[in-house]
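The C-terminal residue of the sequence shown carries number 223 in the working numbering, and the numbering is unbroken. Cβ atoms here follow ideal geometry from the backbone N, Cα and C, with glycine treated the same way. Bear in mind that the values here come from a model prediction, so they are computed numbers and not experimental data. For reference, the structure is listed below as structure tokens.
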Amino acid sequence: EPEKPDAVFPNNWVSFHAGGTAVLYPLLAPSRRREVRLEVLEELGRRGAVVRRRLVDLRQGAAGSSFLEGTGSLVLDRAARLAYACLSPRTTEEMLARFELELGYEAVPFHAFDARGVAIYHTNVMMSVGSSVAVVCLESVREPAERHALEQRLEASGLELLPITLAQVDEFAGNLLELRSRSDQALFVLSRRALRALRPEQVATLERHGRPLAAELDTIETHGGGSARCMIAEVF
């Protein structure tokens, strides 16, 4: 209480970073702002995670028209300190600049559109960056210079590109996240719907870098509009 129907997507209101930094984000929808719960951070601390050494609250001083929605808005290459960001009403340049300053990242902004020509509002719908592979829908970036710059930055970071189509974006194929197993194996968490949408050669590319781990998320994808990556806030 009160009702928080989108609270299944915690990655929008909080992100965690090595060294004990936690970041809170200004969300566009007033109904979603109720999801920000500092007691979650306290509970993580009780479970042994170092997440409150430094708290960066980007909601403070945020203008009413300036928003950033966590790792929905930002696809982070944590090794290269790059923040890929598809600009939209939920991902504004002003707030992106604040994130750069506070966290020491370099932003790579661009504009992207779905198969219907509608602006994509969360970057993690159309791309994911892992330790050695990047899943990305380059055709969603219509402006040639922006598309070329995005492709160049990904390749310059030493990542193998796994291009996906706009139709595959609609099946949540871009909404995956690389995690690590207890035995330090790379795992790519995604939905079964997303995995089914990938062609055999795309799955083979993914498998060169780790093991796909898929779950049925049909209800959440159909009614919530998000998928596997949106449901996970990484804790370091």
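By DSSP, does His109 sit in helix, in strand, or in coil? For this step, residue 109 is matched to residue 122 along the sequence shown. Residue state, collapsed to three classes: coil.
Three-state secondary structure assigned by DSSP to Val37: Looking up residue 37 in the sequence shown gives position 50. Looking at Val37 - three-state DSSP - the assignment turns out to be coil, as it is neither helix nor strand.
Val156: first and last residue of the uninterrupted beta strand (DSSP E) it sits in: Along the sequence shown, one-based indexing puts residue 156 at 169. Looking at the DSSP string, Val156 is not in any beta strand (DSSP E); the run it does join, the alpha helix (DSSP H), is Leu153 to Asp157.
Does any residue of chain B bring its CB to less than 8 Å from the CB of Ala202? Included in the structure is just one protein chain, with no chain B present.
Val112 to Val156 span [Cα, whole Å]: Within the sequence shown, numbered from 1, the residue matching residue 112 stands at position 125. Within the sequence shown, numbered from 1, the residue matching residue 156 stands at position 169. Distance between the alpha carbons of Val112 and Val156: 7 Å.
Quick one: what does DSSP say Glu147 is sitting in, helix, strand or coil? Within the sequence shown, residue 147 is the residue found at index 160, counting from 1. Of the three classes helix, strand and coil, the one that applies to Glu147 here is strand, per DSSP.
I think Ala102 touches Leu153, with their Cβ atoms under 8 Å apart; what is that distance to the nearest whole Å? On the sequence shown, residue 102 is found 115 positions in, with the first residue counted as 1. On the sequence shown, residue 153 is found 166 positions in, with the first residue counted as 1. With 8 Å as the limit, Ala102 and Leu153 qualify as a contact, their Cβ atoms being about 4 Å apart.
Using CA coordinates, which residue listed in Gly213, Ser144 and Leu15 is at the minimum distance from Tyr71? As a first step, residue 71 must be located in the sequence shown, where it is residue number 84. Residue Ser144 is the option with its Cα nearest to Tyr71.
Would you list, in sequence order, the uninterrupted alpha helix (DSSP H) runs of no fewer than 4 residues that lie entirely inside the region 178 to 217? 179 to 184, 187 to 194 and 205 to 211
In whole angstroms, what is the alpha-carbon distance linking Glu203 and Arg180? Within the sequence shown, numbered from 1, the residue matching residue 203 stands at position 216. Within the sequence shown, numbered from 1, the residue matching residue 180 stands at position 193. A straight line joining the alpha-carbon of Glu203 with that of Arg180 spans about 7 Å.
Residues that Tyr71 bridges to, as DSSP identifies them: As a first step, residue 71 is located in the sequence shown; it is residue number 84 there, counting from the start. Tyr71 is bridged to Val62 and Val95.
Put Leu164 into one of helix, strand or coil per three-state DSSP. As a working note, residue 164 is residue 177 in the sequence shown. The answer is strand: DSSP assigns Leu164 an E or B state.
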